[in-house]
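Protein chains in written order, with our numbering: chain U, 109 to 494; chain B, 109 to 494; chain P, 109 to 494; chain V, 109 to 494.
Written out as C-alpha cells, the structure is:
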C-alpha cells in the first residue's frame, strides 16, 4: 500500500510562538510530513491569521483544537490528519492530547508531557488502551552522537557505569524579564501554566532524560536543592541534585536558568570502569571518548565508523554539521516512519521506534514531583517514586 | 496578492545522489517551497522511480528535464513550477539552466555554475536579458556567522583588511576510491564531468567565494601550485595559491582533498589593522573576533548583539546549534522570499537578495581558469582575468 | 641590606618521590632560592643517596629531619637554611613543621597541611606565636588567570555571586593500583597515611580552596555524598557535595579519582548577576568570561589588559603558555619575596603576600572533617564548623 | 667521576631584556646548571648592575664578553664556566660565539644563529674543528608533543608525508611601535641589527625548522611572497611561502607579525597517506592525530602511551600542563646532559643529543637568504641552496 506524506494537525504554535516554529521545521525537513491543518492559538482570531500565514486553506484552519479534532475525525481517511502536534504551554497539554487519542489520532507533544504526574498517568493508560503512538519531544536524545553514546554504553565498551555528571546551565532568566513583558519567561515562571517546578520542569527533565537514555540506567534516589535566586519568583530558577542509579552508580544533576552568560550549555559525562564519554549539546557533532590508557578519541557525526543507530539519524556527510533542528527532526522522522510502517501493516524496526514516548513522559513528571518533594525535605536521600 | 508555497522542479538528485537530498531538505525547512515536479535522473526509469519515492504524482514525475521544462511551461500559472533546481554533475548544468531560463523559469543551481567560463558568461547574459533570478548554492555564505563577519568588515570594525588566510582541507580522496566504484569520487576526478580542475573546482571555489564574500574584496593576482598527489589522476586533488586583493591585501588559499583525516575543515582568518576574525565551518555557530589590545570575543549565533543580517538568517535561539542544512536553507529561503516579493510586485529587501547569483558563478569559473593557467606557468604572479 | 638566594632545606622528596621534584623545580625557576640542605627520606641511606644526586655536599646532606633542623639552627646565619620544605605524605607533615617553627625556620608544606584538624590548629597557633611564615602549596591558586578571576570578582564585575560549580575528576585510581605496588596510590588509599578521607582530602580540598579563593566567599553549609567505588578501599575515591556560601550563593563540588579517562580536569564556573567566569586547569592560560548580553571573552595570560595581580604572576609574553610548574613557582616566588622583604626590614606588598598559608591549611582540614561528618549523616544540610 | 652543576656564563640578557630572563629560567629549572658569571650588557655599567641583581659575586660579574671569556679561560677547571649563553640581538651573535669556541667553551645561542649565512658557515666549521657543542634554541622543537609527532612520522604511522601546512601569525607589530620606543620592535625592524629579513628571520625560521624537524624532510624549492604591510618599515613584517620537500611533498609556510589579535599562534599540520597530525603551540600539551577511517585521537603530554622521546622531555604527570619554559628547558637539559656525559667520558644517548645545533643554524640562515632571493624574483620556483 502506498502511503504519501503524513498529515499533521498543529495545536498551538501560532504567531510569535517559539517552539511551534521549531516543530514545523522539524516536521518539514525530511519531506515525510505536511502541515495539513491547525488550531494555532487559543484565540480564534490569532489562530486563523496564523494559519493563513502558513498557507493553510480556510477549511483546514480551525478556531479551536476541539473543532479541529472533531471535524477532522469525520473526514474520509484520505483527507483526515494522521496526528496532532501539541505545542501549547504545559498546562494546556493534557486536554487536547486526551481528546486526540479518544478520536483515534496519534500525538506528538512537547515536554514536559503534562502539568501533573496524575495527568501523565492518565495519558499513559489511554495510549496503552488505544494502541496509538505518542511521541514526546525530548529533543536532545535525537542527536546522532547521543545515539552513539547510548550504543557504546549498551555494548559495554566502558564496562559498568559508575558515575554520571549532567549539567544544564542557561542564563536567560538571570533578570526578572517576566516583569518586562517577555512572554517566554512569563509562562515559565507562572505555577498555573508551568506546574510545581520552573527550572527543573523546563530543563532539569531534559538532563534527567538524557542521563537515563544514554546510560540505560534509572534514577532511584535523589537529594535535591532547589533555589529561587531572582527575588519575587514563585518557582525554582536553579537547582542541584545528587543522584543514585539502579546499578549503584552515583551522579549529579545541575540545572540553572540564572547562570548568567550561558546559552543552552547542556553537557553530560558518563564514567565507566574502562573509560568514559563526554558530550556537549552546543557542539553536538563531537562525542569525546576517553580511555584509561589510550588517547582520547573524538567520534564525529557522519563517519563510517559509527554505530548503525548514529548513522540512521544523520543526513549529511562528516564535516557538514547537523544541529538542534536535525535532532528534533529525527524524533519526527522516526515517529513518521513508525506510523507509516503501521499503516502499511509492517512492524516498525527498533531504529524507527527510537523516540521518547508516554513512558518517558510519566517518568519526567515523576522526576519533577520527586525533586520538589526532596527539596522540601530535611532528609538527605529520598526514593524516586512513580 | 496571496502567494502560496513556491513550486520547485528538480533536475537530477535521484536515488543515491548526495547533493539532491541536501537541496530538498534545504528547500523544505522553512515551508516556503514544495517539490512540485522532477526529472530526477538522466535515466528515465531511475527518474520515475525516484519521483515515486518522493511522493510525486505521476503527471509531475518526468523522464527528462527537457520534457519537464516544456510541459510545465504549458501549464496554467497556478499549477506550473516556479523554478528549477539543477543538482546534476557540473557538465550537465549549462543546458538545463539555459533551457529553463529560455522558458521563463527561475533557476537554482549547484556550484560550480557550469563546466567552463564561456558557458557561465552565456548564462550571465541570459539572466540579464530575461530578468529572471538565479541562485548559486555557495552554501558557506549562508551561515549566520559568515553574515556577521561580512557585516563587521563592512562596518570597518577591523580597519583596512591586510591579510586573508583560507584553507579547505578534506581527506576523502586520499585513496583512489574512484577506482573502487565510489560514484562521488568517480565524477569529480573525471575531466569530462568536472571540467579542467578537480579539487580547486570542487572546493577551492568555495574558499575563494567565502574570502571575497566576507572581505568585500576581489582577488586580482594569483600564484598557484596545483598538485596531483594520488597517482593516476587526471585532475588536481590538492593545491596552494598565493593571492593579492584589490586593496593591496595579501592572502593564501589552500585546498586539498588528500588531507587524510580531515572531514570538511573549511577555515578562514581575515586580518585588519585593528583586529581580525576567524571562522571554522565545522563549528559554524562561533565567530572568533580578536583585537589588538582587548580579549578575544566569541560571537555566537542567535544572540541579540548580532547584526541584522546574522539574525535574519537564524531560526533558533542561542545555544541551539544550527548547521550546514540551515545555511543551505538560508540560500533557498532568501531566493524564495525574493521571488515571492517579485510576484507580489514588491521590491525584495537587501536581506532577501543576499544569496550568490550568476555573477558569483562567472567569478567562480574565472577562478578555476585563472588558477589552472597560473599553475601551468613559471611566472610567479598572474593577473586574475575574467 | 643585600640578600642573596634563600637557602631551602627539603624534608622528604628523595628518589622516586613525585611531589618533591615538583617543589624543587618550582623553587629553582626564578633563581631566588637554592636547595641548601636536605633530609630527603625517612630512610637515612636513601636520604643520603638522594642528596648526592642533587649535588648536596655531604655536610648538608642529613639523615633525618630532626638532625637537619637541629644542626642547621646551630650554624651561623650566613650558612643556615632560611626555611624548610616538607614534602612527605600527610601523616608526616605535622612533626617536622612544628620542629622547624620551634627552631625559628619558615615553612613550606604540601597540602593538606596535616593529618587532622587538631594538628592544623596547633600549627596555626605556633605560626601566630612565632611570627614565622608558612606557605601551603595549593598550587592552583598560583595560576595567573586564577588571580585574574579573583580580581574581577572582587571588583564586582559580575555583581553578587550566585552559584559556583567546581569539579575535579581524575581517573588514575579507577583500578586498584594500590594492590599492584603503585607507591602513590598505596599511601593515598591508606587511612594511616592519608587521614580520614581519600579523594576529598587529596583533591576535594584543592577544589574547595579554589572556589573560596576566586569568589572571596566562604562555605557555610554542606551536604556530602562520599563513595568508595573500587571494592576493597577504606577511603572515599569519589564524592559529590552540595554547598551554600556565606552570601547565600549555592554551589556544587564534585571530586573523583575513578573518573576513567580524565587526567587532572579541575574546572570551575562562578556565576554572578551580570556575568560569569569559567576556568579549566588543563588549559590554564585562558579565562572564559561570559556576559548577559555581549560576546563571551577569552582573557589570556600575558596580555596588557590583565589585572596587576595576573601580570605579577606571569613570566612570558602572551601566546607563550605557562603551566603547572610556573603556577607552583608563583607560590615559592611570592613566599621568597615575602621573606626577603622581611629580612631587609621592609613590608611585603599585598602581591608578595598572595600565597596560601596556615589559615587556609586549617580551613582545608576543617573541610575534610566536615565532609566526612556530613557524608555519614542522614540529615541533608550540615553547618561548616571549624 | 662526579660532575656537579654546569657553570653558565651569560652574554647579554641584562635588565629589561626579554629573552635573557627566559634563558635563565630554562637553565634553572632542572637544577643541572647554575649562572656562574655574566657579561650581561654591552654597556659595562648596566652589565654590572644586572649581575648584582642576579646575585653574581663581583669577580664573576664582567663588563664585557671579551673580558669574561678571557678571564674565565685562565681559571682552574673547577671554577671556570663550562659554557656561554648568547642572548644578544642577532648582529651580536657571531663574535662572542666564535671567541668562546676559540677559548674552548661550549655555546648556547638564541636563534637565528648569526646575521648572515656566511657567519653561520664559519661557526659550523669552527664547531667541527673544535669538537665543542653548540645548542641553538629553536624552542618549539623542545615540546614533548613535537617529539611525539616526529616519532610517529618516523615510525611510518602516517605513511609517506604528502603535505605540510605551517602558519605562525603574531599581531604585535601591527602598529609601528618601533617609532614609540618599543625596544623589542626597534631592533627587530632594523636591518643592521636583524639582518636582511624581519618577520621571516624572526619567526619564519621557527616555522621552517619545526616543519623539517617533525617531518624529517628537507625543503628543496620555495616560492616566496614577502610583504611590508606597515608603512615605513625596511624589512618584511609578513610573508607567505609555497614549499616543495625532498620527497615530493608540497607545503605552505605563512608567517606574519601584523596578524592583529594573534598572540603567538604557531600551528602545524602534517598530512600523510594514512593520517595526519596537528599541533598548536598555544595548547602545546595536545597533539591531534587524525585517521582516514577512525576517530581523531588526542595524544596528551604525560601519558604512558607516548613515545620514549616524548616522555623523556616531560616533568609532570598528565593533566599538569607544561609550557614554553619547560620546552625551552628541555633544550638546556639535553645540552647539559650531553656535556656532563662528555665530561664523564661517556657517550651521550640519542635522547640527550636531541637539541638543535650548528647545522640547523646554517639551514636557518640559508632559509632566510633563499626566501629573500625568491621574494625578489619573478620566477615561481627557486631551488633552496646552501
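Positions of the beta carbon are idealized from the N, C-alpha and C atoms, including for glycine.
Since we're looking at a predicted model, the values are computed, not measured.
Contact holds between the region 335-355 of chain U and the region 266-283 of chain U, because three or more Cβ pairs, one in each stretch, are under 8 Å apart. Closest by C-alpha distance to residue 365 of chain V, out of V/310, V/393, V/490 and V/173, is V/310. Look at the beta carbons and you see the region 289-297 of chain P not touching the region 312-323 of chain P: under three pairs across the two are nearer than 8 Å. Within the model, the alpha-carbon separation for residue 347 of chain P versus residue 397 of chain V is close to 34 Å.
The Cβ-Cβ distance between residue 332 of chain U and residue 349 of chain U falls below 8 Å. Ranking B/362, B/372 and B/152 by CA distance to the CA of residue 171 of chain B puts B/152 first. If you ignore the 5 residues before and after residue 326 of chain U, its C-beta comes within less than 7 Å of the C-beta of 320, 353 and 354, all in its own chain and listed in chain order.
Annotation: Cβ neighbours of residue 404 of chain P in chain B (cutoff 8 Å, chain order): 405, 406 and 408.
With contacts defined by Cβ atoms closer than 8 Å, residue 415 of chain P and residue 259 of chain P form a contacting pair. Per DSSP, reduced to three states, the secondary structure at residue 189 of chain U is coil, with no helix or strand assignment. Residues of the region 418-434 of chain U with a Cβ closer than 8 Å to any Cβ of chain B, in chain order: 423, 424, 425, 426, 427, 428, 429, 430, 431, 432, 433 and 434. Look at residue 447 of chain V: its C-beta is not under 8 Å from any C-beta on chain B.
C-alpha of residue 427 of chain U to C-alpha of residue 404 of chain V: approximately 13 Å in a straight line. At a Cβ-Cβ threshold of 8 Å, residue 238 of chain U and residue 473 of chain U do not count as neighbours. Residues of chain B with a Cβ closer than 9 Å to the Cβ of residue 325 of chain V do not exist; the shortest Cβ-Cβ separation is about 15 Å. For residue 441 of chain V, no beta strand (DSSP E) encloses it; the enclosing alpha helix (DSSP H) starts and ends at 432-451. The beta-carbon of residue 372 of chain P is placed less than 8 Å from the nearest beta-carbon of chain V.
Residue ranges of uninterrupted alpha helix (DSSP H) with 4 or more members, entirely inside the region 133-219 of chain V and ordered along the chain, are 152-161, 173-182 and 202-210. Chain U places a beta carbon closer than 8 Å to that of residue 412 of chain V, counting this residue as a contact. DSSP, read as helix, strand or coil, puts residue 333 of chain B in strand.
Secondary structure in the region 219-258 of chain V: the alpha helix (DSSP H) runs of 4 residues or longer, each lying completely within the stretch, are 225-238 in chain order. The beta carbons of residue 261 of chain V and residue 322 of chain V sit about 6 Å from each other, so the pair counts as a contact at 8 Å. Each residue's CA atom was taken as its position, placing residue 376 of chain U and residue 264 of chain U some 18 Å apart.
Three or more Cβ pairs closer than 8 Å define a contact, and the region 455-474 of chain B falls short of that threshold against the region 128-142 of chain B. Listed in chain order, the alpha helix (DSSP H) elements of length 4 or more contained wholly in the region 257-315 of chain B are 291-296 and 299-302.
In the DSSP assignment, residue 363 of chain P falls within the unbroken beta strand (DSSP E) covering 358-364. Of V/147, V/154, V/163 and V/488, the smallest CA-CA separation from residue 179 of chain V is found for V/147. Membership of residue 397 of chain V in the beta strand (DSSP E) is indicated by the continuous run 394-399. Residue environment analysis places residue 182 of chain V among the exposed positions, since fewer than 16 neighbouring C-beta atoms fall within 10 angstroms of its C-beta. Residue 184 of chain V and residue 482 of chain V have their alpha carbons spaced roughly 51 Å apart. For residue 419 of chain U, no beta strand (DSSP E) run applies; the uninterrupted alpha helix (DSSP H) run containing it begins and ends at 416-420, by DSSP. Looking only at B/373, B/301, B/197 and B/444, the smallest Cα-Cα distance to residue 122 of chain B is reached by B/197. The beta-carbon of residue 305 of chain P is placed no less than 8 Å from the nearest beta-carbon of chain U.
In this structure, P/214 is the residue among P/250, P/124 and P/214 with its C-alpha nearest to the C-alpha of residue 450 of chain P.
For residue 337 of chain P, the residues of chain U that pass the 7 Å Cβ criterion are 270, in the order they occur in the chain. With 16 or more other CB atoms across the displayed protein chains lying within 10 angstroms of its CB, residue 394 of chain B is buried.
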